[in-house]
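Asks: Chains as they are written, first to last, in the working numbering: chain A, 184 to 437; chain B, 708 to 1206.
No residue lacks a Cβ here, since even glycine has one placed at the ideal position from N, Cα and C.
Provided herewith is a single structure, encoded as structure tokens, for subsequent inquiry.
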């Protein structure tokens, strides 16, 4: 059986300083997975390395048992919101349409079908009435939802998301999570960098704990433990207390 | 706590008819510029004596050459500006010099496509060297760009001085161009044609073709290169194709306007267009228009003032950029000032009638009449109008109040709320007190922090948000200061006022 995601002995270095070191990770079933770790742990880099956006010092990453370059159409990506210029002269619909570019290939323009599909994706994130707006006029939470709609437009089977819930309010966070849960229910895998330890138990069913090296990875119930978190975060007590509270709350939840 | 209220991120999402607006603006800009150019040409080409025929061919050819060059540069410049690579255009336009010289030394001619190939190679080499140098580490991208292009340009100068001494290729001509000769025509398949146009027109066509063909690739690579790469778009290929096109446009324009002005035409119209448009297609249309108008108006002004035509083209481009900074609909100084003024007038006029309403409320029993001037003291508690409203704003505000019929003079000549004014004022006071109550019940704020926040919020609470607040507060009748929250329904209100 091919594994969904197979990261083997992955090392990434910037100017000879390792950012990721010997990371091994295998995912066999579609999961709603959170990558969790302190600042500078290489969370975003892990995603970028898998997608081939940063050079690898060693190791390899395969998706659906194939090199990433051969399955790009089945991969969706949500970069960090800050990674683009929101003053760029494009409309909300234009940005969502970019999600369809991968399947169109060179030279073909998005047509009526793609537009319909992009509108459908906007509908799913509750932004249908904003399609003509210039993207800079949106709030942070709305911008994050535009990125999510664009990922939906990619019609992928596995999604990598870099902090899809960063800087959004509680209502938007729930909406985004609902979209992720729907994807998961449709058999898609989602691997998201997540910054808020308190909401991990609420939203995710699989956890990857990362601090340059892989600390632990597995189902949330068995992996997201105070012990593993201490190994990941070192001795930062305030954070650990918050996490412990979250775990306590999460274990009581259905 | 209420996420229903806190999650509201924007108050209104008006559907703007952007396309109609922006095309209309562009069309009127072009019409105005055309009128200016025609008047200018009329003046510049007036015959010295009566009976002498007017010579329009040379001026029109010069404008055509300048326009073709400016248009190609402006289109490509849009992508440079959007990708924050303005300096790379500058660098390439200088660094192609050794390519031109080497191509000239090999082929022995200054026109035709050996020159283009030489420049193209050097353009791509510049982009590649810059990236290579900075990825080797220890040198930042802008530094490596500075190193690469100055070195290559210097190499070109050395080559010219050392080996090309007697040709009509010299450093001055590269820097300043020879647009003054653009009016000189020559026979081409039976047509009288200006020579530079033979290189510039195909360049313009190729540039437009390039952008049309790679439209979506250029767009996604410029907006979100990470996603583009993740999708399998060849980001590097698109990048080097763009750099190659910039080299071609640069070389084609050299002869006409010179390398310094090429830089201006690459960056200035595109930067101005960026301020004026909210769509990429619109931005490119604006950039071309501004580039062409710069060429035409630049020629007219240059000829009228008897100075460097190419220089004047760049000056006009710069002037247009300044105009764009002031009049940009999205972020321009003028539109921002106007928006702020309108908002200030609205807030001030609303503060005045809200103050009248409060005074009415207070003085109901005694029936003492209220003066507008006295009311100001009431609303100053907020610190809004005394501190920020200038006499001009207050004058406009009182005009607005009169215009909307919110107040009327009574027998003693004093301002009183009309029914219409009272309805608006009641809504404001209601919004104010609702917000105070909301803050008081949902956040642990000291009482004296409530009023100022509410004084600002009252102008921005729309009915929808008020309804949410209502649901949230479910039947609270008085604000934290013990004042009655006016009901939304006017019938109830007027009867309570009558008492």
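1. If you count every other CB in all the chains shown that lies within 10 Å of the CB of residue 297/A, and 16 or more means buried, which is it?
2. Put residue 344/A into one of helix, strand or coil per three-state DSSP.
3. Whole alpha helix (DSSP H) runs in the stretch 790-874 of chain B with 4 or more residues, listed along the chain?
4. Just to confirm, is the Cβ distance from residue 1005/B to residue 976/B under 8 Å?
5. Identify the contact partners of residue 930/B in chain A, using a Cβ-Cβ distance below 8 Å as the criterion.
6. Helix, strand or coil for residue 214/A per DSSP?
7. Give the DSSP bridge partners of residue 1139/B, in chain order.
8. At least one CB of chain A closer than 8 Å to the CB of residue 986/B: is that the case?
9. Roughly how many angstroms lie between the CA atoms of residue 785/B and residue 978/B, to the nearest whole one?
10. What does DSSP give as the partner residue(s) for residue 1116/B in the beta ladder?
11. Three or more C-beta pairs closer than 8 Å, one from the stretch 892-900 of chain B and one from the stretch 853-872 of chain B: is that the case here?
12. Count the other C-beta atoms from every protein chain shown that fall within 10 angstroms of the C-beta of residue 1113/B, then say buried if there are 16 or more, exposed otherwise.
13. In chain B, what lies closer than 7 Å to residue 290/A by C-beta?
14. Using the beta-carbon of each residue, which ones in chain B are nearer than 7 Å to residue 317/A?
15. Buried or exposed: where does residue 391/A fall if 16 or more other Cβ atoms within 10 Å of its Cβ makes it buried?
16. Give the secondary structure of residue 1191/B by DSSP, where H, G and I count as helix, E and B as strand, and everything else as coil.
17. Report the partner residues of residue 219/A according to the DSSP bridge assignment.
18. When we look at the beta-carbon of residue 365/A and count the other beta-carbons within 10 Å, is it buried (16 or more) or exposed?
19. Hey, how far is the Cα of residue 821/B from the Cα of residue 954/B?
20. Are the beta-carbon atoms belonging to residue 394/A and residue 224/A less than 8 Å from one another?
21. Using 10 angstroms around the beta-carbon of residue 912/B, count the other beta-carbons present and answer buried if the total reaches 16, otherwise exposed.
22. Within 8 Å of any Cβ in chain A, is that where the Cβ of residue 981/B sits?
23. Around the Cβ of residue 285/A, are there at least 16 other Cβ atoms within 10 angstroms (buried) or fewer (exposed)?
24. From the DSSP output, in three-state form, read off residue 898/B for me.
25. Suppose you measure from the CA of residue 864/B to the CA of residue 942/B; what does that come to, to the nearest Å?
26. Does the separation of the CB atoms of residue 376/A and residue 346/A fall below 8 Å?
27. Name the chain A residues that come within less than 9 Å of residue 996/B, Cβ to Cβ?
28. Could you give the distance in angstroms between the alpha-carbon of residue 797/B and the alpha-carbon of residue 1029/B?
29. Name, please, each residue of chain B whose Cβ falls closer than 8 Å to the Cβ of residue 225/A.
30. Using a Cβ cut-off of 8 Å, which residues of the stretch 937-957 of chain B contact any Cβ in chain A, in chain order?
31. Taking the beta strand (DSSP E) that residue 264/A falls in, what are its first and last residues?
32. Kindly say whether residue 789/B, judged by its beta-carbon, lies nearer than 8 Å to any beta-carbon of chain A.
33. Is the number of C-beta pairs between the stretch 347-364 of chain A and the stretch 315-331 of chain A that are closer than 8 Å three or more?
34. Could you tell me if residue 916/B is buried or exposed, where buried requires 16 or more neighbouring beta carbons within 10 angstroms of its beta carbon?
35. Which same chain residues end up closer than 8 Å to residue 276/A when comparing Cβ atoms and leaving out the 5 residues on each side of it in sequence?
Replies: Concretely, from the data shown:
1. When all chains shown are included, residue 297/A counts as buried.
2. In the structure shown, residue 344/A falls within a strand segment according to DSSP collapsed to helix, strand and coil.
3. The alpha helix (DSSP H) runs of length 4 or more contained entirely in the stretch 790-874 of chain B are, from start to end of the chain, 793-802, 804-814, 820-842, 848-870.
4. No, Cβ-Cβ distance for residue 1005/B and residue 976/B is not below 8 Å.
5. Going along chain A in sequence order, the residues near residue 930/B (Cβ under 8 Å) are 267, 268, 271, 273, 278, 281.
6. Coil.
7. Under DSSP, residue 1139/B shares a beta bridge with no residue.
8. Interface residue (Cβ-Cβ distance to chain A less than 8 Å): residue 986/B is classified as such.
9. Looking at the two C-alpha atoms, the distance is approximately 7 Å.
10. The partner list for residue 1116/B (beta bridge, DSSP) reads 1122/B.
11. Segments in contact, no.
12. Looking at its Cβ environment, which holds 16 or more other Cβ atoms inside 10 Å, residue 1113/B is buried.
13. Going along chain B in sequence order, the residues near residue 290/A (Cβ under 7 Å) are 920.
14. Within chain B, the residues near residue 317/A are 985.
15. Burial call: buried.
16. Look at residue 1191/B here: in three-state DSSP terms it is strand.
17. Answer by DSSP bridge pairing, in chain order: 392/A.
18. Label assigned to residue 365/A: exposed.
19. Taken atom to atom, the span from the alpha-carbon of residue 821/B to that of residue 954/B is near 13 Å.
20. In contact: residue 394/A and residue 224/A (Cβ atoms closer than 8 Å).
21. The residue is exposed, with fewer than 16 neighbouring Cβ atoms inside 10 Å.
22. At least one chain A Cβ lies under 8 Å of residue 981/B.
23. Residue 285/A is classed as buried because its beta carbon has at least 16 other beta carbons within 10 Å across all chains shown.
24. Assignment of residue 898/B by DSSP, reduced to helix, strand and coil, places it in the strand class.
25. The alpha-carbon atoms of residue 864/B and residue 942/B are separated by roughly 33 Å.
26. Taking 8 Å as the cut-off, the beta carbon of residue 376/A is found closer than this to the beta carbon of residue 346/A.
27. Within chain A, no residue has its beta carbon less than 9 Å from that of residue 996/B; the closest one is some 15 Å off.
28. If you take the alpha carbons of residue 797/B and residue 1029/B, they lie about 20 Å apart.
29. Among the residues of chain B, none has a CB under 8 Å from the CB of residue 225/A; the nearest is roughly 16 Å distant.
30. Residues of the stretch 937-957 of chain B whose Cβ lies closer than 8 Å to any Cβ of chain A, in chain order: 937, 938, 939, 940.
31. Per DSSP, residue 264/A is not a residue of any beta strand (DSSP E), being assigned neither H nor E.
32. With 8 Å as the cut-off, residue 789/B counts as an interface residue toward chain A.
33. The stretch 347-364 of chain A makes contact with the stretch 315-331 of chain A, as at least three CB pairs between them are under 8 Å.
34. Exposed, because fewer than 16 other Cβ atoms sit within 10 Å of the Cβ of residue 916/B.
35. Cβ neighbours of residue 276/A beyond the five flanking positions: 298, 301, 302, 305, 314, 315.
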